[in-house]
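Visitor:
Protein chains in written order, with the numbering used here: chain P, 1 to 546; chain E, 547 to 799.
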């Protein structure tokens, strides 16, 4: 018995890998792997045309200037949305952390209540929020901005609350002892301690919000996604790529900026004059001001329009519809609707597993050359001429993959493959493998190089170094990221479904188009079931690896 | 016992960004010798050991390992049979079981397939268990390495060297993060193993006491140069005082 236990403990990671592999294998059975079933008749030639467009994007001045304007709209919505998200996240996050309460009961109540709010707002995808807002208040830029602000605020607020809870307790106690009030402790203790982490996480989220803002177009709001959609509808793939390149450029610029800000935060040296921090704050202030001014004066969005009687009536009708007012047979009380929705839920689960499986495989194959310390030969003390070019190539592919939102990938793939689970899974995988690869490469870069160098010095070959040194050390964190991305993918399945890539999302769009409000409620319920399953499964897997 | 020359260093010089790290070092070390390398922080002890281990490239000068120029050794496998390194316990793979860390000493001999199978079913288990027995850790073979104490981890590293069986062992601050009792334990075990297997040992140390207690020759480095290179019994307190004095250092600064 004891022996059995030790052998389980020794091999639990191996066993876990086998189980995960088996789950991935199971998901593959959801697709009929038959060329006629998978491809459109003209799928392969279309693929050729799409590829041709990639290398010959349309660079005519007209398209370029249209792209520039669309890029600015996308950026402005993202900035405006994020600025609201930060306010929401800060207030609710601080309340949810319980740092302002003193009694135990009040703290618990605060935590449950405000964490609940944050949890609810982030469990619904921004595109669904957008759809809800468009239905309620019409095609106003505010629909896009609120749709971004609410889920992003939910995610940011939760992370802020976690950070505040994880603050080392000694400096806080010292402030209490010095007689500081609760607010003073917040501003002198908690906030300075978490400031750097908060800012760097917000910058990371800002990058994500650019992509989200771009896909807001798919509910009819302007921006890069809108242009991509129009060009795809006209089958002008060369224009599609031009706009995609704009999007990539935007994401890369934000990425560079956030690296800059992060570096400024970790730089301990104080420079004289205008420091990096000030410059970054000024730029942020300018961007926020510029975006709001644009939205108010040039986009002519008026906040007072939002509260017109007409909008109130729409919104009332919409939300009343969701809970089944004036409906004789609401879908969420109907066994048949539940049966078909649960079948779709099952399909969605399969899609998400397949997607994370594909991205994991792709990341596995590419991550080793993508780590800076392997490319430079520092980690494995072996240098080859092809290391750096390979590093650059893989990193370029990563940037490309993660800059293009799942929805855009899905829209292109749907031209090649027949609707179903496979195109959805592929689109999700294409977007997520770049993110996963980047995160994994950073794990390798942050590794303690000494054990690895020692292995290499004691005569281990490259593959032996990988299996005896690198993998055992990075495996738990790799797995954490896989599970984390799987949870994200689960929420995003709804989005690729919108363009006909199967699962719950496709049905959601249909229900939206036919104004079947109770069906929408039912589908959202199914989504929540999925999110709970995902949380539970990934939490228990994480515990096993520890 | 033969007394062939294992390490022969001539005019070894090394710079790091124009700062001199090693200046024209020359010495020879015979088989079976146990040499302590001492000197203040930044004197070049680690750089010297890393040069012998080929972890940093030679800049100028010549180094022969067992009569053969160090740069002519084939990368990896053959060299691993000549030179093995032990540091603080940081050079073990924490999440792996102890037995795999010990068997990592065999990687130079094994092919890829065998080493991968070994991660599931440990190969040549007897060799590993024998090594663990010599360091007194037989019962820990299947523990996860990172759960062991610092002294135990260092003994795991010793067991790995036993399995690897290099002719020369380089020990870079092997006891720097251990308390005195554990440090004594590890050093006496290391020197015992080295003398039993007629290996050659060079260890850099912070503590002069350990150098005097366990080693028969002391090479002292200061500012990248050899200050003295003497049998242990000839090293006087005055020499040590000069070695660690701050005066000369501060006049340069």
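All C-beta atoms, glycine included, are put in the ideal place defined by N, C-alpha and C.
Tell me the start and end of each unbroken beta strand (DSSP E) in the segment 586-645 of chain E that is at least 3 residues and wholly inside, in chain order.
Guide: 606-611 and 629-632
Visitor: If residue 553 of chain E sits next to residue 574 of chain E, beta carbons under 8 Å apart, how far is it from one beta carbon to the other, in whole angstroms?
Guide: For the purposes of this step, residue 553 of chain E is identified with residue 7 of the second chain, where counting begins at 1. For the purposes of this step, residue 574 of chain E is identified with residue 28 of the second chain, where counting begins at 1. Between residue 574 of chain E and residue 553 of chain E the Cβ distance is about 7 Å, and since that is below 8 Å, they are a contact.
Visitor: Given a threshold of 16 other Cβ atoms within 10 Å of its Cβ, counted over all protein chains shown, does residue 581 of chain E qualify as buried or as exposed?
Guide: By one-based count along the second chain, residue 581 of chain E stands at place 35. Buried, by the Cβ-count rule.
Visitor: Once DSSP output is grouped into helix, strand and coil, what is the label at residue 763 of chain E?
Guide: Residue numbering aside, residue 763 of chain E sits at position 217 when the second chain is read from its first letter. Residue state, collapsed to three classes: strand.
Visitor: Indicate whether the contact test is met: 3 or more Cβ pairs, each with one atom in the segment 458-466 of chain P and one in the segment 647-661 of chain E, closer than 8 Å.
Guide: Verdict: yes, contact present.
Visitor: Going along chain P in order, which residues have a C-beta closer than 9 Å to the C-beta of residue 666 of chain E?
Guide: Position 120 of the second chain, counted from the start, is the residue given in the question as residue 666 of chain E. Result: 11 and 14.
Visitor: Since residue 702 of chain E and residue 683 of chain E are thought to touch, with beta carbons under 8 Å apart, how far apart are those beta carbons, to the nearest angstrom?
Guide: On the second chain, position 156 is the one that residue 702 of chain E refers to. On the second chain, position 137 is the one that residue 683 of chain E refers to. Contact holds; Cβ gap of about 7 Å.
Visitor: Consider the Cβ of residue 195 of chain P: report whether some Cβ of chain E lies at a distance smaller than 9 Å.
Guide: Here residue 195 of chain P is taken as the residue at index 195 of the first chain, counted from 1. For residue 195 of chain P, the closest Cβ of chain E is not nearer than 9 Å.
Visitor: What residues in its chain sit with their C-beta under 6 Å from that of residue 686 of chain E, if we drop five residues either side in the sequence?
Guide: Taking the first residue of the second chain as position 1, residue 686 of chain E is located at position 140. Excluding positions up to five away in sequence, the list reads 644.
Visitor: State the CB to CB distance for the pair residue 81 of chain P and residue 152 of chain P, rounded to an integer number of angstroms; the pair is presumed to be in contact (CB under 8 Å).
Guide: Numbered from its first residue, the first chain carries residue 81 of chain P at position 81. Numbered from its first residue, the first chain carries residue 152 of chain P at position 152. Yes, they are in contact, since the Cβ atoms of residue 81 of chain P and residue 152 of chain P sit about 7 Å apart, within 8 Å.
Visitor: Look at the alpha carbon of residue 254 of chain P and the alpha carbon of residue 399 of chain P, and state the distance between them as a whole number of angstroms.
Guide: Position 254 of the first chain, counted from the start, is the residue given in the question as residue 254 of chain P. Position 399 of the first chain, counted from the start, is the residue given in the question as residue 399 of chain P. Approximately 12 Å between the Cα atoms of the pair.
Visitor: Counting only Cβ-Cβ distances shorter than 8 Å, please list the residues of the segment 463-491 of chain P near chain E, keeping chain order.
Guide: Answer set for the segment 463-491 of chain P: 463, 464, 467, 468, 469, 472, 473, 475 and 476.
Visitor: Is any heavy atom in the ligand GDP found nearer than 8 Å to the beta carbon of residue 255 of chain P?
Guide: As for the ligand GDP, it is missing from this structure, which has no ligand bound.
Visitor: Would you tell me roughly how many angstroms separate the C-alpha atoms of residue 784 of chain E and residue 473 of chain P, rounded to the nearest one?
Guide: Counting from one through the second chain, the residue named residue 784 of chain E turns up at place 238. Counting from one through the first chain, the residue named residue 473 of chain P turns up at place 473. Whole-angstrom Cα-Cα distance: 47 Å.
Visitor: Can you round the beta-carbon distance between residue 429 of chain P and residue 536 of chain P to whole angstroms, since I take them to be within the 8 Å contact cut?
Guide: Within the first chain, residue 429 of chain P is the residue found at index 429, counting from 1. Within the first chain, residue 536 of chain P is the residue found at index 536, counting from 1. About 23 Å separates the two Cβ atoms, so there is no contact after all.
Visitor: Assign residue 418 of chain P to one of three DSSP states: helix, strand, or coil.
Guide: Along the first chain, one-based indexing puts residue 418 of chain P at 418. Residue state, collapsed to three classes: coil.
Visitor: Tell me whether the segment 580-595 of chain E and the segment 521-541 of chain P touch, counting them as touching only if at least three CB pairs, one residue from each stretch, are closer than 8 Å.
Guide: With the cut-off at 8 Å, the segment 580-595 of chain E and the segment 521-541 of chain P do not touch.
Visitor: In terms of residue numbering, what span does the beta strand (DSSP E) encompassing residue 344 of chain P cover?
Guide: Sequence index remark: in the first chain, residue 344 of chain P carries index 344 (1-based). No beta strand (DSSP E) contains residue 344 of chain P, which is instead part of the alpha helix (DSSP H) from 335-370.
Visitor: Whose Cβ in chain P lies nearer than 8 Å to the Cβ of residue 633 of chain E?
Guide: Position 87 of the second chain, counted from the start, is the residue given in the question as residue 633 of chain E. By Cβ distance, chain P contributes 450 and 454.
Visitor: In whole angstroms, what separates the C-alpha of residue 207 of chain P from that of residue 251 of chain P?
Guide: One-based indexing of the first chain puts residue 207 of chain P at position 207. One-based indexing of the first chain puts residue 251 of chain P at position 251. Roughly 6 Å between the two C-alpha positions.
Visitor: Pick from P:17, P:49, P:149 and P:18: whose alpha carbon is nearest that of residue 79 of chain P?
Guide: Position 79 of the first chain holds residue 79 of chain P. Of P:17, P:49, P:149 and P:18, the residue nearest in Cα terms is P:149.
Visitor: Which of helix, strand or coil does DSSP assign to residue 185 of chain P?
Guide: For the purposes of this step, residue 185 of chain P is identified with residue 185 of the first chain, where counting begins at 1. Residue state, collapsed to three classes: helix.
Visitor: Along the chain, which unbroken stretches of the alpha helix (DSSP H) at least 4 residues long are found entirely within the segment 69-144 of chain P?
Guide: Complete alpha helix (DSSP H) runs here, min 4: 104-123 and 126-137.
Visitor: With 8 Å as the limit, tell me which residues of the segment 672-689 of chain E have their beta carbon closer than that to any beta carbon of chain P; keep them in chain order.
Guide: 688
Visitor: Using three-state DSSP, classify residue 29 of chain P as helix, strand or coil.
Guide: Taking the first residue of the first chain as position 1, residue 29 of chain P is located at position 29. DSSP places residue 29 of chain P in the coil class of the three-state scheme, outside both helix and strand.
Visitor: Would you please verify whether the beta carbon of residue 745 of chain E is less than 9 Å from any beta carbon of chain P?
Guide: By 1-based counting over the second chain, the position of residue 745 of chain E is 199. So no, residue 745 of chain E is outside the interface.
Visitor: Taking the alpha-carbon positions, what's the residue 1 of chain P to residue 11 of chain P distance?
Guide: What you label residue 1 of chain P is simply residue 1 of the first chain in a count that begins at 1. What you label residue 11 of chain P is simply residue 11 of the first chain in a count that begins at 1. Unreliable placement is indicated for residue 1 of chain P, whose pLDDT of 49 sits below 50; the coordinate value is still reported in the next sentence. Rounded to whole angstroms, residue 1 of chain P to residue 11 of chain P spans 15 Å at the Cα level.
Visitor: Do three or more CB pairs link the segment 83-98 of chain P to the segment 111-127 of chain P at distances below 8 Å?
Guide: yes
Visitor: Rounding to the nearest angstrom, what Cα-Cα distance links residue 560 of chain E and residue 168 of chain P in this structure?
Guide: If you number the second chain from 1, residue 560 of chain E lands on position 14. If you number the first chain from 1, residue 168 of chain P lands on position 168. One C-alpha to the other measures close to 44 Å.
Visitor: List the residues of chain E whose Cβ lies closer than 7 Å to the Cβ of residue 341 of chain P, in chain order.
Guide: Position 341 of the first chain, counted from the first residue, corresponds to residue 341 of chain P. Per Cβ cutoff of 7 Å: no residues; residue 341 of chain P is ~42 Å from chain E at best.
Visitor: Taking 8 Å as the limit between beta carbons, can you name the residues of its chain near residue 188 of chain P, skipping five residues before and five after?
Guide: Against the first chain, residue 188 of chain P aligns to sequence position 188. Closer than 8 Å at Cβ, skipping near neighbours: 175 and 180.
Visitor: Along the chain, where does the beta strand (DSSP E) containing residue 404 of chain P start, and where does it finish?
Guide: Within the first chain, the letter at position 404 stands for residue 404 of chain P. Premise fails: residue 404 of chain P is in no beta strand (DSSP E) and is neither H nor E.
Visitor: What are the start and end residues of the beta strand (DSSP E) that includes residue 560 of chain E?
Guide: Walking along the second chain from the start, residue 560 of chain E turns up at place 14. Residue 560 of chain E -> beta strand (DSSP E) spans 551-562.
Visitor: Which same chain residues, not among the five before or five after residue 239 of chain P, have their C-beta less than 7 Å away from its C-beta?
Guide: The residue labelled residue 239 of chain P in the question sits at position 239 within the first chain. Here the set comprises 58, 63 and 231.
Visitor: Do you know whose CA, among P:66, P:170 and P:387, lies nearest residue 193 of chain P's CA?
Guide: Working through the first chain from its first residue, we reach residue 193 of chain P at position 193. Ranking P:66, P:170 and P:387 by CA distance to the CA of residue 193 of chain P puts P:170 first.
Visitor: In chain E, what lies closer than 7 Å to residue 22 of chain P by C-beta?
Guide: Residue mapping note: residue 22 of chain P aligns to position 22 of the first chain, counting from 1. Those do not exist, as residue 22 of chain P stays about 17 Å from chain E at its closest Cβ, beyond 7 Å.
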